[in-house]
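Participant: In full-length UniProt numbering, the protein residues as written are 1 to 655. Glycine is no exception: its CB is placed at the ideal position from the N, C-alpha and C atoms. Just so it is clear, the structure is predicted and the values come from calculations on it, not from any experiment.
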Amino acid sequence: MSIGRMPIAVPRQGEHFYLRTLLTVKRGARSYRDLYTVNGVYHQGPSAACQALGLTFDDSEWFSLFNEVKDTSSAPALRQTFAAALHLSALVNPQSLWDRFKSSFTDDCLWRIRNLGERLISPPTGWTEEKCRNDYGLWLLEENLRDLGLDWDTARLIGPEHNWVVRESNPLLVEALDFDPAIEATKHTTALSSLSPGQRAAYDTIVNAIDGSHKPNVFYLQGAAGTGKTFVYNTLCSRFKSEGKIVLCVASSGIAAVLLPNGRTAHSQFRIPLECKENDYCSIDGTSNLAKLLEQTSLIIWDEVTMQLKHHFSAVDRSLRDIKKCPDLLFGGVPVLLGGDFAQILPVVEGGNREQTLNACIRYWSNWSQVTPLFLTQNMRVVSGEANQRFADWLAKLSYDSNLIGQIEIPEWILSTNDRNTFKEFIYPRRELESGDTTIFHDRAILSSLNESVARFNNEIAQVRIVESHEYFACDLVQNDQSGQISDYAPDYLQNLEVKNLPDGKVKLYVGMPVMLLRNYYPKQGLCNGTRLIITRLFNFCVKARIISQDPRFNGKEHIISRITLTSSKNLPFTLTRKQLPLRPCYSMTINKSQGQTLKYVGVDLTNPVFTHGQFYVAMSRVTDVSHLIVLLPPGAKRTINIVYPEVLLRPTTT
1 MSIGRMPIAV PRQGEHFYLR TLLTVKRGAR SYRDLYTVNG VYHQGPSAAC
51 QALGLTFDDS EWFSLFNEVK DTSSAPALRQ TFAAALHLSA LVNPQSLWDR
101 FKSSFTDDCL WRIRNLGERL ISPPTGWTEE KCRNDYGLWL LEENLRDLGL
151 DWDTARLIGP EHNWVVRESN PLLVEALDFD PAIEATKHTT ALSSLSPGQR
201 AAYDTIVNAI DGSHKPNVFY LQGAAGTGKT FVYNTLCSRF KSEGKIVLCV
251 ASSGIAAVLL PNGRTAHSQF RIPLECKEND YCSIDGTSNL AKLLEQTSLI
301 IWDEVTMQLK HHFSAVDRSL RDIKKCPDLL FGGVPVLLGG DFAQILPVVE
351 GGNREQTLNA CIRYWSNWSQ VTPLFLTQNM RVVSGEANQR FADWLAKLSY
401 DSNLIGQIEI PEWILSTNDR NTFKEFIYPR RELESGDTTI FHDRAILSSL
451 NESVARFNNE IAQVRIVESH EYFACDLVQN DQSGQISDYA PDYLQNLEVK
501 NLPDGKVKLY VGMPVMLLRN YYPKQGLCNG TRLIITRLFN FCVKARIISQ
551 DPRFNGKEHI ISRITLTSSK NLPFTLTRKQ LPLRPCYSMT INKSQGQTLK
601 YVGVDLTNPV FTHGQFYVAM SRVTDVSHLI VLLPPGAKRT INIVYPEVLL
651 RPTTT
């Protein structure tokens, strides 16, 4: 055996570049014929083989993808995947893709047409079954496009010719009013009787103010994890919907938004600019359907606001004042309920210090003085028992007691260890991992402060099960920021780059592995940044995976997850465009990603201590039973650090 080094090849070298690319991803090839054979098909030359492997920026992988999944997937699932591709991937010719696979995309349409009967408007006389099937399939695809904020122009597709049902001119209003007031009234009555005294006090204050004539009606509901903020939100939703009124529910993150009725991220609902600056407006045309929806909105509920930059609230406030033609009223006079917990993690300011982080959050917004604070203090989530009550009391003091800030000892009644293997065995017993039973992943995780620690745990635990895996390689493209020209970098160099906000260049997955979604893929179906899933099937260019969720609407639902195209230039001398599966193994996750999630078993890795406000509190408060919590400390250590910025905390004037 001899060891050698491959010379560097760059894109302008054509076939030499593709040959080197092949050699970096196809291991064990014994001949050129072997090297150029992909999935049993021989290709004429290295560029054709790279194209078949999805290592080029064109539509070839999408034709391969739908060929693979069309016989094992329903038509609605295929339409959803196609819509997600239109939204998140740089398709070159989407019309040709639709034309090629329209028989699969519309496989359910004739059945639907027959089943719906007179509820549909009859198509023009003379239309064949094939014509009806294809046109109605496009009509159904339009629903998917709207879910993702697309229309036929942005999708670059020819839409349906026939109006199959009478649609209102403003689909956003139709969606917002898609509820039965009588059903909402029943839900409201039931929920109202279940409110705790603290929840009822907050509810009454909000309802009485909105029903009165005083404006602005802007509230902030401060509540620690488990105090039941979401239940208050839902009760308020049903109350106003029972009167036929529009309520919009948003959150700072997709994972929090899906817990709300028809919840969406604040960015998508209000079209907040991605790089929002102090004096920006939202991207809302005053005559648009969204503007008309906001004009008729009776209440906005906005959760997890403590993680959102204050400029986002300024942009929404400024836009609503314009839309409502009320320049002197906060949010244009629209009642708004904000919610969150200032003891938890604050907005991320890249490279920011303490002062910059504090200044970025809503507590330091110029309009904060016009917001009425309300408080929930009773923990509704912790399991009963003396040990858990002691745990709840400790959590409640963790951010407010000066003795628990800075260097602190982990209480002796919380299980802790300095041994890494003991720690892993507590959360993921080896015998259960080897059994292949995926239910173990439904309610447990290891939390770490750093991505490097997360990756190490994921790699270690993934190796316990020896099963067939598939390695997915990213397709990367580099452009020079000044010239816009394609720059010369070897693909294996780019694939090894770990870039913030981009998936890894190489992702190894196997059936039964827990993974986390890294982007808002299809939020209406529960597929958000932070959603956890179990891999159920591997394909060449996509996977099928089943959602793990506390929400019964989404839990257990299987979806196709395909590669998406993302771009980043942060901390790089160039702009990198990466096409890759937006997935990462998630035996472990960062503490920040865990915010808003409730788990049964949690391991908190403190070998690298927390580095910002709220992280320690968030990590320790993910469990409902303290006996299911374990802490990993550095060798020989008994203490760790709890970082708190007391000046940002909001305390009730009365208990």
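1) Does the distance from the CB of residue 313 to the CB of residue 320 come in under 8 Å?
2) Is residue 339 closer than 8 Å to residue 172 when the C-beta atoms are compared?
3) My parser needs the beta strand (DSSP E) runs of 3 or more residues fully inside the segment 478-557; what are they?
4) If you drop the 5 nearest sequence neighbours on each side, which residues of the same chain put their C-beta closer than 6 Å to that of residue 512?
5) Is residue 624 closer than 8 Å to residue 550 when the C-beta atoms are compared?
6) Could you say if the segment 232-247 and the segment 281-300 meet the contact criterion of at least three C-beta pairs nearer than 8 Å?
7) Quick one: what's got a C-beta closer than 7 Å to residue 645's C-beta in the same chain, skipping five residues either side?
8) Taking the straight line between their C-alpha atoms, what separation do you get for residue 514 and residue 563?
9) Starting from residue 302, trace the beta strand (DSSP E) both ways and give me its first and last residue.
10) Going straight from the alpha carbon of residue 412 to that of residue 51, what length do you get?
11) From the DSSP secondary-structure annotation, give me the bridge partner or partners of residue 589.
12) Taking the alpha-carbon of residue 15 as reference, which of 29, 46, 161 and 25 has the nearest alpha-carbon?
13) Is residue 252 closer than 8 Å to residue 671 when the C-beta atoms are compared?
14) Excluding the five sequence neighbours on either side, which residues of its own chain have a C-beta within less than 8 Å of the C-beta of residue 647, listed in chain order?
15) For residue 483, count neighbouring C-beta atoms within 10 Å of its own C-beta (all shown protein chains included) and say buried if the count is 16 or more, exposed if not.
16) Return the chain-ordered ranges of every alpha helix (DSSP H) run that is complete within the segment 389-417 and spans a minimum of 4 residues.
17) Taking the alpha-carbon of residue 461 as reference, which of 429, 556 and 107 has the nearest alpha-carbon?
18) Counting along the chain, where does the alpha helix (DSSP H) carrying residue 137 start and finish?
19) Could you have a look at residue 125 and say whether DSSP puts it in helix, strand or coil?
20) Would residue 493 be called buried (16 or more neighbouring beta carbons within 10 Å of its own) or exposed?
21) Counting C-beta neighbours from all protein chains within 10 Å, is the total for residue 572 16 or more, i.e. buried, or is it exposed?
22) Can you tell me the Cβ-Cβ gap for residue 507 and residue 583, rounded? I've got them flagged as a contact below 8 Å.
23) Less than 8 Å separating the beta-carbons of residue 521 and residue 561?
24) In the DSSP assignment, find the unbroken beta strand (DSSP E) run with residue 249 in it and report its ends.
25) Less than 8 Å separating the beta-carbons of residue 352 and residue 642?
26) Going along the chain, which unbroken runs of the alpha helix (DSSP H) with 4 or more residues stay wholly within the segment 168-202?
27) Within 10 angstroms of its Cβ, does residue 33 collect 16 or more other Cβ (buried), or is it exposed?
28) Are residue 677 and residue 602 closer than 8 Å when you measure CB to CB?
29) Which residues bound the alpha helix (DSSP H) around residue 617?
30) Using the Cβ count rule (16 or more neighbours within 10 Å means buried), how would you classify residue 348?
31) Return the chain-ordered list of same chain residues with a C-beta closer than 6 Å to the C-beta of residue 271, the five sequence neighbours on each side being excluded.
32) Rounded to whole angstroms, how far is the Cβ of residue 255 from the Cβ of residue 590, which I believe are closer than 8 Å?
33) Less than 8 Å between the C-beta atoms of residue 449 and residue 609, yes or no?
34) When you compare each of 398, 363 and 234 to residue 619 by their alpha carbons, which one comes out closest?
Facilitator: Looking at the atomic coordinates:
1) Counted from its first residue, the sequence shown places residue 313 at position 313. Counted from its first residue, the sequence shown places residue 320 at position 320. Taking 8 Å as the Cβ cut-off, residue 313 and residue 320 do not qualify as a contacting pair.
2) Here residue 172 refers to the residue found at position 172 when the sequence shown is read from its first residue. Here residue 339 refers to the residue found at position 339 when the sequence shown is read from its first residue. In this structure, residue 172 keeps its C-beta atom at 8 Å or more from the C-beta atom of residue 339.
3) You should have 506-509, 514-517, 532-538 and 542-548.
4) Walking along the sequence shown from the start, residue 512 turns up at place 512. Scanning its chain for C-beta atoms nearer than 6 Å, with the 5 sequence neighbours on each side dropped, one finds around residue 512 the residues 436 and 438, in chain order.
5) Your numbering for residue 550 matches position 550 in the sequence shown. Your numbering for residue 624 matches position 624 in the sequence shown. It is not a contact, given that the beta carbons lie outside the stated cut-off.
6) With the cut-off at 8 Å, the segment 232-247 and the segment 281-300 touch.
7) Locating residue 645 in the sequence shown gives position 645, counting from the first residue. A distance below 7 Å between beta-carbons, with the five flanking residues on each side excluded, links residue 645 to the following residues of its chain, in chain order: 354, 358 and 613.
8) Here residue 514 corresponds to residue number 514 of the sequence shown, with the count starting at 1. Here residue 563 corresponds to residue number 563 of the sequence shown, with the count starting at 1. Each residue's alpha carbon lies about 18 Å from the other.
9) The count along the sequence shown starts at 1 and reaches residue 302 at position 302. Residues 297-303.
10) As a working mapping, residue 412 is identified with position 412 in the sequence shown. As a working mapping, residue 51 is identified with position 51 in the sequence shown. As the crow flies, the alpha-carbon of residue 412 is around 58 Å from that of residue 51.
11) To locate residue 589, count along the sequence shown from 1; it is residue 589. In the DSSP output, where bridge partners are listed per residue, residue 589 has 447.
12) The count along the sequence shown starts at 1 and reaches residue 15 at position 15. It is 46.
13) With the chain running from 1 to 655 in the structure shown, residue 671 is simply not present.
14) Position 647 of the sequence shown, counting from 1, holds the residue named residue 647. 358.
15) Residue mapping note: residue 483 aligns to position 483 of the sequence shown, counting from 1. Reliability of the predicted coordinates at residue 483 is poor, the pLDDT of 48 falling under 50, and no value is obtained from them.
16) Listed in chain order, nothing qualifies, since the segment 389-417 has no complete alpha helix (DSSP H) run of 4 or more residues.
17) For this step, residue 461 is matched to residue 461 along the sequence shown. Considering only alpha carbons, the answer is 429.
18) To locate residue 137, count along the sequence shown from 1; it is residue 137. According to the DSSP assignment, residue 137 belongs to the alpha helix (DSSP H) that extends over 129-147.
19) Taking the sequence shown and counting its residues from 1, the one referred to as residue 125 is at position 125. For residue 125, the three-state secondary structure derived from DSSP is coil.
20) Within the sequence shown, numbered from 1, the residue matching residue 493 stands at position 493. In summary, residue 493 is exposed, with fewer than 16 beta-carbon neighbours lying within 10 Å of its beta-carbon over all protein chains present.
21) Counted from its first residue, the sequence shown places residue 572 at position 572. Only exposed fits residue 572, as fewer than 16 other CB atoms lie within 10 angstroms of its CB.
22) Here residue 507 refers to the residue found at position 507 when the sequence shown is read from its first residue. Here residue 583 refers to the residue found at position 583 when the sequence shown is read from its first residue. Indeed, because the Cβ distance is near 6 Å, the residues count as touching under 8 Å.
23) Numbered from its first residue, the sequence shown carries residue 521 at position 521. Numbered from its first residue, the sequence shown carries residue 561 at position 561. Their beta carbons are under 8 Å apart, which means residue 521 touches residue 561 by this criterion.
24) In the sequence shown, counting from the first residue as 1, residue 249 sits at position 249. Segment 246-251, the beta strand (DSSP E) holding residue 249.
25) As a position in the sequence shown, residue 352 is number 352, starting the count at 1. As a position in the sequence shown, residue 642 is number 642, starting the count at 1. No, they are not a contact pair.
26) Taken in chain order, the whole alpha helix (DSSP H) runs of length 4 or more contained in the segment 168-202 are 171-176 and 181-192.
27) Counting from one through the sequence shown, the residue named residue 33 turns up at place 33. By the neighbour-count rule (16 or more Cβ atoms within 10 Å), residue 33 is not buried but exposed.
28) The structure shown does not extend to residue 677, since the chain is modelled only from 1 to 655, so the question has no answer here.
29) Along the sequence shown, one-based indexing puts residue 617 at 617. DSSP places residue 617 inside the alpha helix (DSSP H), whose first and last residues are 615-620.
30) In the sequence shown, the residue the question calls residue 348 occupies position 348. So residue 348 counts as exposed.
31) Indexing the sequence shown from 1 puts residue 271 at position 271. Leaving aside the five residues that flank residue 271 on each side, the residues in its chain whose CB is nearer than 6 Å to its CB run, in chain order, 282, 283 and 284.
32) Indexing the sequence shown from 1 puts residue 255 at position 255. Indexing the sequence shown from 1 puts residue 590 at position 590. So it is not a contact: roughly 13 Å between Cβ atoms.
33) Counting from 1 along the sequence shown, the entry for residue 449 is found at position 449. Counting from 1 along the sequence shown, the entry for residue 609 is found at position 609. Contact flag set, yes.
34) By one-based count along the sequence shown, residue 619 stands at place 619. Nearest C-alpha to residue 619: 398.
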